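J.:
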Amino acid sequence: MAPDNKQSVCIKKLEVDPPLSPKRCRGSGEPTFDTSMAVVDDAQSVPRVMSSFVPKPFPPPSLAGVPLEYILDQLHNLAPCYWHKPETADCTLVIPVPYPRKANLSGGPSSPFSSRPSYDPSGLGRRVTEPSLNFIPRLFLRLHTDYLSAHSSFLRALFSGSSPIDLISTSSYPTPNSPLRTSSGRFTIPFDRLPRLLPSSTSEHPVLFLPVPDPASIEHVMHWMYFGDFTLIEDSLEDGSIEWEGIARNVEYLGLPTDIKVFLGRWYSRWLHPERERHPCPDSDDETIYSDDDSVDSDYDSASDAEDISTEASRDDDKPTRGRTKCARPLSWTIPFSDAGRYAPPIPSPAKISPLDSAPPC
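By the numbering used here, the letter at position 162 of the sequence shown is numbered 152, and the numbering carries on one by one without gaps.
So, in structure tokens, the structure goes:
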């Protein structure tokens, strides 16, 4: 089925501007909302949503036995046919943005991002008794589960029907007072920030509330999932529009493969030792130093610690600041917000098409 050319040709993004000051959005004041009630309400609503959702295993049964490398290669080749094509999307990610986003993402005409937010005065299905303080800017991304599942082990498990709680390490059943820890064990996830399917999900089009650690760089990660190219990420790290710590934590949270960890490890090494680019050693093992999983994990353990990074950056003011700031932006989880993202806007009927179909829409 060919997409309607009259429809929008960009990823559907909607940032809802709350009737609050920017300081309140960044967490300077606590919203007047009972968090425990939100948790109970979510626990009651999740089973109903899950029962109507049809799991989407990856790879699909029709590609059983096909090497994953071949599938990824085909997906990357077809990326121009599906990137910027919300009319063919079969899932929606709702990402809360509890702090102002940088305005220099738009770049040139080829940039997939728009820094100008759109506003929804209707409240997106807000309950009459729900205070307006609950609303923070949100990002709506209409994407394709094939691309997300092919790269993210976390999203692949969620779309296959796994419970978010089952995917996160915990010694006992979580409660509002017992935060969960990611599978890597590197940082905790507050109980009310777990990813979850929203009530607006349909059997064929899941709507996933996904409170990623760093919303500012999530679109860059999605672009890499589609095209398999690091150019956009590298350019954005160089001009400072995204931060290394943020994208590294998104990589950990989503369970992305070693390729992007190797790239981030090498970039971090070049940032620490820029002289190596000017005077490369002929016997250097730079090409393989980050190819081992243990080495990459060790790099993440040390470099992802915001306090250590801030201390290290302050030792030498002459070090380049590209992709790094002396004051690291906090995780979105550390900024108070209530149950933003519970409701998503109406979703058009999902197109009967997949990036893995034989006839792409272009």
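Glycine included, every Cβ here is placed at the ideal spot set by N, Cα and C. The structure displayed is predicted, hence computed values, not measured ones.
If you run the structure through DSSP and keep just helix, strand and coil, what is Cys81?
T.: In the sequence shown, counting from the first residue as 1, residue 81 sits at position 91. It is a strand residue.
J.: Kindly indicate the opening and closing residues of the beta strand (DSSP E) around Phe199.
T.: As a working mapping, residue 199 is identified with position 209 in the sequence shown. Element bounds for Phe199: Val197 to Phe199.
J.: Should Glu235 be labelled buried (16 or more other beta-carbon atoms within 10 Å of its own) or exposed?
T.: One-based indexing of the sequence shown puts residue 235 at position 245. The residue is buried, with at least 16 neighbouring Cβ atoms inside 10 Å.
J.: Using only the heavy atoms of the ligand HEM, determine whether one of them is closer than 7 Å to the beta carbon of Tyr60.
T.: Absence of the ligand HEM from the depicted structure is noted, as is the absence of any ligand whatsoever, leaving it without description.
J.: Near Gly218, what residues of its chain come up, given a Cβ to Cβ distance below 6 Å and the 5 sequence neighbours on each side ignored?
T.: To locate residue 218, count along the sequence shown from 1; it is residue 228. So the list reads His66, once near-sequence residues are dropped.
J.: Taking Cβ positions, are Phe199 and Val84 nearer each other than 8 Å?
T.: Here residue 199 refers to the residue found at position 209 when the sequence shown is read from its first residue. Here residue 84 refers to the residue found at position 94 when the sequence shown is read from its first residue. A contact, by the Cβ cut-off of 8 Å.
J.: Sort out for me which residues DSSP pairs Pro86 with in a bridge.
T.: Position 96 of the sequence shown holds residue 86. Pro86 pairs with Arg128.
J.: So Ile223 is in the alpha helix (DSSP H); what residue range does that whole segment cover?
T.: As a first step, residue 223 is located in the sequence shown; it is residue number 233 there, counting from the start. It spans Thr221 to Asp229 - the alpha helix (DSSP H) in which Ile223 sits, taken as one unbroken run.
J.: Considering just the uninterrupted stretch of the alpha helix (DSSP H) at Trp234, what are its terminal residues?
T.: Taking the sequence shown and counting its residues from 1, one reaches residue 234 at position 244. For Trp234, the enclosing alpha helix (DSSP H) covers residues Trp234 to Leu244.
J.: Which term fits Gly98, buried or exposed, when burial requires 16 or more other beta carbons within 10 angstroms of its beta carbon?
T.: Reading the sequence shown from its first residue, position 108 is the one you call residue 98. Low confidence applies here, because Gly98 scores a pLDDT of 39, under 50, leaving its location unreliable; read the following figure in that light. Per the 10 Å Cβ criterion, exposed.
J.: Going by the beta-carbon positions, is the gap between Pro203 and Tyr258 smaller than 8 Å?
T.: One-based indexing of the sequence shown puts residue 203 at position 213. One-based indexing of the sequence shown puts residue 258 at position 268. Against a cut-off of 8 Å, the Cβ pair of Tyr258 and Pro203 comes out as no contact.
J.: Taking the continuous alpha helix (DSSP H) assigned at Val211, which residues delimit it?
T.: In the sequence shown, the residue the question calls residue 211 occupies position 221. Per DSSP, Val211 is one residue of the alpha helix (DSSP H) stretching across Ile208 to Phe217.
J.: Quick check: what's the CA-CA separation for Gly69 versus Tyr216?
T.: Sequence index remark: in the sequence shown, residue 69 carries index 79 (1-based). Sequence index remark: in the sequence shown, residue 216 carries index 226 (1-based). A small fix is needed here, since residue 69 is Ala in this sequence, not Gly. One C-alpha to the other measures close to 5 Å.
J.: I need the straight-line Cα distance from Ala330 to Leu184, nearest angstrom please.
T.: Position 340 of the sequence shown, counting from 1, holds the residue named residue 330. Position 194 of the sequence shown, counting from 1, holds the residue named residue 184. Legend: pLDDT at Ala330 = 39, less than 50; position of this residue unreliable, no value from coordinates given.
J.: If you follow the alpha helix (DSSP H) that Leu53 is part of, which residue opens it and which one closes it?
T.: Against the sequence shown, residue 53 aligns to sequence position 63. Note, Leu53: premise wrong, no alpha helix (DSSP H); not H, not E.
J.: Considering just the uninterrupted stretch of the alpha helix (DSSP H) at Leu254, what are its terminal residues?
T.: Position 264 of the sequence shown, counted from the start, is the residue given in the question as residue 254. Segment Thr248 to Leu262, the alpha helix (DSSP H) holding Leu254.
J.: Considering only C-alpha positions, which residue in the set Ile250, Glu194, Glu265 and Gly55 is nearest to His213?
T.: For this step, residue 213 is matched to residue 223 along the sequence shown. Looking at the Cα atoms, Ile250 is the closest of the given residues.
J.: With DSSP collapsed to three states, give me the class of Leu184.
T.: Counting from one through the sequence shown, the residue named residue 184 turns up at place 194. Of the three classes helix, strand and coil, the one that applies to Leu184 here is coil, per DSSP.
J.: Compare the C-alpha of Val56 against each of Leu131, Ala140, Arg132 and His74 and name the closest.
T.: As a first step, residue 56 must be located in the sequence shown, where it is residue number 66. The residue with the shortest Cα to Cα distance from Val56 is Ala140.
J.: Below 8 Å on the Cβ atoms is my guess for Ala79 versus Leu133; work out the distance and round it to an integer in Å.
T.: On the sequence shown, residue 79 is found 89 positions in, with the first residue counted as 1. On the sequence shown, residue 133 is found 143 positions in, with the first residue counted as 1. Sure, about 6 Å apart at Cβ, within 8 Å.
J.: Where do the N-terminal and C-terminal ends of the alpha helix (DSSP H) with Leu58 fall, by residue?
T.: Reading the sequence shown from its first residue, position 68 is the one you call residue 58. Run containing Leu58: Leu58 to Asn67, per the alpha helix (DSSP H) assignment.
J.: To the nearest angstrom, how far is it from the Cα of Glu233 to the Cα of Leu262?
T.: Taking the first residue of the sequence shown as position 1, residue 233 is located at position 243. Taking the first residue of the sequence shown as position 1, residue 262 is located at position 272. Cα to Cα, Glu233 sits roughly 15 Å from Leu262.
J.: Using the Cβ count rule (16 or more neighbours within 10 Å means buried), how would you classify Ser142?
T.: Counted from its first residue, the sequence shown places residue 142 at position 152. Buried, because 16 or more other Cβ atoms sit within 10 Å of the Cβ of Ser142.
J.: Pro143 lies in the alpha helix (DSSP H); which residues open and close that run?
T.: Taking the first residue of the sequence shown as 1, we reach residue 143 at position 153. One detail in the question is off: residue 143 reads as Ser in this sequence, not Pro. Ser143 -> alpha helix (DSSP H) spans Ser143 to Phe149.
J.: Please report the Cβ distance between Pro47 and Ser193, rounded to the nearest whole angstrom; I am assuming they are in contact, meaning their Cβ atoms lie under 8 Å.
T.: Taking the sequence shown and counting its residues from 1, one reaches residue 47 at position 57. Taking the sequence shown and counting its residues from 1, one reaches residue 193 at position 203. Rounded to the nearest angstrom, the Cβ distance from Pro47 to Ser193 is 15 Å, too far for a contact under 8 Å.
J.: Label Ala238 either buried or exposed according to how many other C-beta atoms from any shown protein chain fall within 10 Å of its C-beta, with 16 as the threshold for buried.
T.: Indexing the sequence shown from 1 puts residue 238 at position 248. The residue is buried, with at least 16 neighbouring Cβ atoms inside 10 Å.
J.: Measuring CB to CB, does Ile126 end up less than 8 Å from Pro86?
T.: Your numbering for residue 126 matches position 136 in the sequence shown. Your numbering for residue 86 matches position 96 in the sequence shown. Yes; because the gap between Cβ atoms is below 8 Å, this pair is in contact.
J.: If we count the other Cβ atoms within 10 Å of its Cβ and call it buried at 16 or more, is Arg74 buried or exposed?
T.: Your numbering for residue 74 matches position 84 in the sequence shown. One detail in the question is off: residue 74 reads as His in this sequence, not Arg. Its Cβ having fewer than 16 others within 10 Å, His74 is exposed.
J.: Between Gly245 and Phe144, how many whole angstroms is the CB-CB distance? I'm expecting something under 8 Å.
T.: Working through the sequence shown from its first residue, we reach residue 245 at position 255. Working through the sequence shown from its first residue, we reach residue 144 at position 154. Confirmed, Cβ separation roughly 4 Å.
J.: Beta-carbon within less than 8 Å of Val44's beta-carbon, same chain only, minus the 5 sequence neighbours each way: which residues are those?
T.: Locating residue 44 in the sequence shown gives position 54, where the first residue counts as 1. Excluding sequence neighbours, Val44 sits near Ser193 and Glu194.
J.: Report the rounded CA-to-CA distance for Tyr137 versus Asp225, giving the unit in angstroms.
T.: Residue 137 sits at position 147 when you count from the first residue of the sequence shown. Residue 225 sits at position 235 when you count from the first residue of the sequence shown. Straight-line Cα distance between these residues: approximately 22 Å.
J.: Compute the Euclidean distance between the alpha carbons of Pro189 and Pro196, then round it to the nearest angstrom.
T.: Taking the sequence shown and counting its residues from 1, the one referred to as residue 189 is at position 199. Taking the sequence shown and counting its residues from 1, the one referred to as residue 196 is at position 206. Distance between the alpha carbons of Pro189 and Pro196: 9 Å.
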